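Residue numbers (the numbering used here), protein chains in the order written: chain R, 2 to 314; chain B, 60 to 455.
Heads up, the beta-carbon is just placed ideally off N, CA and C, and yes, glycines get one too.
Remember, it's a predicted structure, so these values are computed and weren't measured experimentally.
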């Protein structure tokens, strides 16, 4: 399995590279898509880990309950964790001191704690360092990361470069070098974009793709378009005629019905125009996820997982 | 009279993807129409407000938006450019060009002001302070970045001020202190600096020290502003409006946000449930309701009853026509179902928030919501009448 696309360095297969990052603006259903793919991976016999970035609870909602903490635990058939910044930072410090007690003492100092909250890049460095450790441990494969939002992904990817000129020799320099390698290697990392078939999210995704394509370029995987409405095979002349009859016979309720159906037809047309535009402007394999019109739940996740798998096979 | 009349500052908070920017713009437009002079400030790093207002672009400076002829007030909008705002803040605070140049060329400052997420929060509050202070506007509306960052915005002024007050800044300056002077440093300071130097490299610590040194000079200015912004945010004339969508994830996010705000002594004054329902084609404020008197679409009498009402003769009845009638009915039922679910979600959200919270439900518009016309349409559908105690307008 896996599809090679001309001009793209990455083999698109969300079950292959150990680090699978997903980004997209808020509200596009990113957590749902990531959870569905992770669940599918588990069903295929892999050992996936779902990673949510701290301070939110969308993954808990998507997986249908539970309390996701820093230690991975199994929920709805997948291991999941919340990459909390404070604990990631403790891990980072402990790694460099080889003593968790000392790390705790340093971070327990209230002034230091305040410093790390106000200082730039600390959160990003600690987060990436933890992701790297998870990849290196080989306990889970693949690691699916639900990144915060569009800007956040860019920030993480640019971090090694932003800090490059600032950092002298030492453990941070070594870490940044390691992170550069990790995030730039198409054999290890794939960054997927998730969007909706509507104008504003699509526009933002196109801009994000442009930013990510600038040298050195991130290893991009696929473009997931979520909640694509189904086609409406309705004869327009028939609908027109029916509407004029409804008006003549004073059937206001049927006039209203026609109005709604026209609205849906229009939405479905606009969505396919947006999908075409995305295809034109983003040279990545595009996966359509239909609008299942279902509430969240394991069945819904499996439907999404199934349709994703079918399209990349 | 709208509850908004007495408000001078409105902060729109909420999860991403619920149309927060559009709602903020619609409220701004609605208030401008009634005769107020409104400033709309967006700090969403995604450039959406310009689209929503039908402007070609939106700059860091407040720009006048052309309104329809029935508007009695004025609307100005700006999108925060983090870098530009930081640079001008430093210039204002430092007062002389030499200090300004020193700050602007510091590499830590460059990295900090340009690229990092949380730096949006500092500058957002700073801009808010400046606009409120100008006294030029009757109402300032702020469209904040998604959930977590909304809390960052509240914390930002305090964090920065407290941080600059702190021993830790002096620890960073420690490498410069030698001999007897070093004894004056806080106990353990040098150890911590050494630790940080080890972790983050000596060079970064030195550069940070340079950055802090200049910030330290501006400390009083920062502290005064932080205090004032803190006060403004908690004044009775300031309001927090929670914008959400009627979905499970949005509800959970909203409750998380409410808890975070409560911890910070801030109450949510109003909720806007965006895209809460599909409206009747004739009235954007009235949700489409059920037709209770129809037979089920799969029944045999359905087709004959509907075709009869429409005056189709038996000869005109085709399978396509019957299929279309069924499709129309199914679609209607599906819309009514989601309208009801939306109402349920709005009710749940309100029950989780304080009892005296205002609520507005906005319809899901058809078409692209990226033009001034559609923001205008949405603004005319705003109605705050679903205030304490009143029933939600769904008849269920």
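Alpha-carbon spacing of residue i relative to residue j, whole angstroms
i                     : j                     : result
residue 311 (chain R) : residue 290 (chain R) : 11 Å
residue 63 (chain R)  : residue 325 (chain B) : 29 Å
residue 209 (chain R) : residue 221 (chain R) : 11 Å
residue 69 (chain R)  : residue 84 (chain R)  : 10 Å
residue 193 (chain R) : residue 35 (chain R)  : 10 Å
residue 424 (chain B) : residue 159 (chain R) : 38 Å
residue 139 (chain R) : residue 146 (chain R) : 15 Å
residue 264 (chain R) : residue 390 (chain B) : 10 Å
residue 29 (chain R)  : residue 202 (chain R) : 8 Å
residue 54 (chain R)  : residue 149 (chain R) : 6 Å
residue 40 (chain R)  : residue 173 (chain R) : 35 Å
residue 107 (chain R) : residue 276 (chain B) : 27 Å
residue 345 (chain B) : residue 433 (chain B) : 17 Å
residue 76 (chain R)  : residue 317 (chain B) : 26 Å
residue 271 (chain R) : residue 339 (chain B) : 21 Å
residue 132 (chain B) : residue 305 (chain B) : 32 Å
residue 169 (chain B) : residue 181 (chain R) : 21 Å
residue 59 (chain R)  : residue 25 (chain R)  : 14 Å
residue 242 (chain B) : residue 217 (chain B) : Note that residue 242 (chain B) scores 44 on pLDDT, short of 50, meaning its location in the model is unreliable; the coordinates nonetheless yield the value given after this. When rounded, the distance between both Cα atoms is 30 Å.
residue 176 (chain B) : residue 240 (chain R) : A caution first: residue 176 (chain B) carries a pLDDT of 46, below 50, which makes its placement in the model too unreliable to give a value.
residue 48 (chain R)  : residue 141 (chain R) : 5 Å
residue 89 (chain R)  : residue 386 (chain B) : 53 Å
residue 258 (chain R) : residue 251 (chain R) : 13 Å
Any C-beta of chain B under 9 Å from that of residue i
i                     : result
residue 247 (chain R) : yes
residue 297 (chain R) : yes
residue 260 (chain R) : yes
residue 67 (chain R)  : no
residue 167 (chain R) : yes
residue 87 (chain R)  : no
residue 134 (chain R) : no
residue 273 (chain R) : no
residue 70 (chain R)  : no
residue 41 (chain R)  : no
residue 202 (chain R) : yes
Minimum Cβ-Cβ distance from residue i to chain A less than 9 Å
i                     : result
residue 262 (chain B) : Structure shown: chain A not included; protein chains present are R and B.
Nearest-angstrom beta carbon gap, residue j and residue i [assumed within contact, 8 Å]
i                     : j                     : result
residue 126 (chain B) : residue 91 (chain B)  : 6 Å
residue 14 (chain B)  : residue 88 (chain B)  : The structure shown does not extend to residue 14 (chain B), since chain B spans only 60 to 455, so no value can be given for it.
residue 335 (chain B) : residue 405 (chain B) : 6 Å
residue 80 (chain B)  : residue 184 (chain B) : Not confirmed; about 19 Å, so no contact.
residue 27 (chain R)  : residue 76 (chain B)  : 4 Å
residue 71 (chain B)  : residue 300 (chain B) : 5 Å
residue 82 (chain R)  : residue 126 (chain R) : Not confirmed; about 19 Å, so no contact.
residue 276 (chain R) : residue 309 (chain R) : At roughly 16 Å, the Cβ-Cβ gap does not stay under 8 Å, so residue 276 (chain R) and residue 309 (chain R) are not in contact.
residue 50 (chain B)  : residue 261 (chain R) : One cannot answer for residue 50 (chain B) here, as it falls past the ends of chain B, which runs 60 to 455.
residue 144 (chain B) : residue 186 (chain B) : 6 Å
Distance CB(residue i)-CB(residue j) smaller than 9 Å
i                     : j                     : result
residue 164 (chain R) : residue 320 (chain B) : no
residue 398 (chain B) : residue 302 (chain B) : no
residue 196 (chain R) : residue 285 (chain R) : no
residue 190 (chain R) : residue 283 (chain R) : no
residue 44 (chain R)  : residue 78 (chain R)  : yes
residue 313 (chain R) : residue 19 (chain R)  : no
residue 201 (chain B) : residue 97 (chain B)  : no
residue 229 (chain R) : residue 198 (chain R) : yes
residue 1 (chain R)   : residue 143 (chain R) : Chain R is shown only over 2 to 314; residue 1 (chain R) falls outside these bounds and no answer can be derived.
residue 137 (chain B) : residue 119 (chain B) : yes
residue 133 (chain R) : residue 179 (chain R) : yes
residue 146 (chain B) : residue 163 (chain B) : yes
residue 33 (chain R)  : residue 213 (chain R) : no
9 Å Cβ cutoff, residue i in contact with chain R
i                     : result
residue 379 (chain B) : yes
residue 439 (chain B) : no
residue 304 (chain B) : yes
residue 237 (chain B) : With a pLDDT of only 49 at residue 237 (chain B), under the threshold of 50, the placement of this residue in the model should not be trusted; the figure read from the coordinates follows. So, not an interface residue.
residue 148 (chain B) : no
residue 197 (chain B) : no
residue 450 (chain B) : The predicted model places residue 450 (chain B) with a pLDDT of 47, which falls under 50 and marks its position as unreliable; any figure quoted below should be read in that light. For residue 450 (chain B), the answer is no, since every Cβ of chain R falls outside 9 Å of its Cβ.
residue 166 (chain B) : yes
residue 266 (chain B) : yes
Heavy atom of the ligand COA within 8 Å of residue i beta-carbon
i                     : result
residue 269 (chain B) : Within the structure as shown, the ligand COA is missing, as the structure has no ligands at all.
>> Quick check: the segment 218 to 234 of chain R against the segment 370 to 383 of chain B, are at least 3 beta-carbon pairs closer than 8 Å?
In response: no
>> Three Cβ pairs or more, each shorter than 8 Å: is that satisfied between the segment 403 to 411 of chain B and the segment 327 to 336 of chain B?
In response: These segments touch.
>> I'd like to know if the segment 302 to 311 of chain B and the segment 347 to 367 of chain B are in contact, where contact means that at least 3 CB-CB pairs between them fall below 8 Å.
In response: Judged by Cβ distances under 8 Å, the segment 302 to 311 of chain B makes no contact with the segment 347 to 367 of chain B, as fewer than three pairs qualify.
>> Taking 8 Å as the cut-off, does the segment 275 to 287 of chain B touch the segment 381 to 388 of chain B (at least 3 CB pairs, one atom from each stretch)?
In response: no
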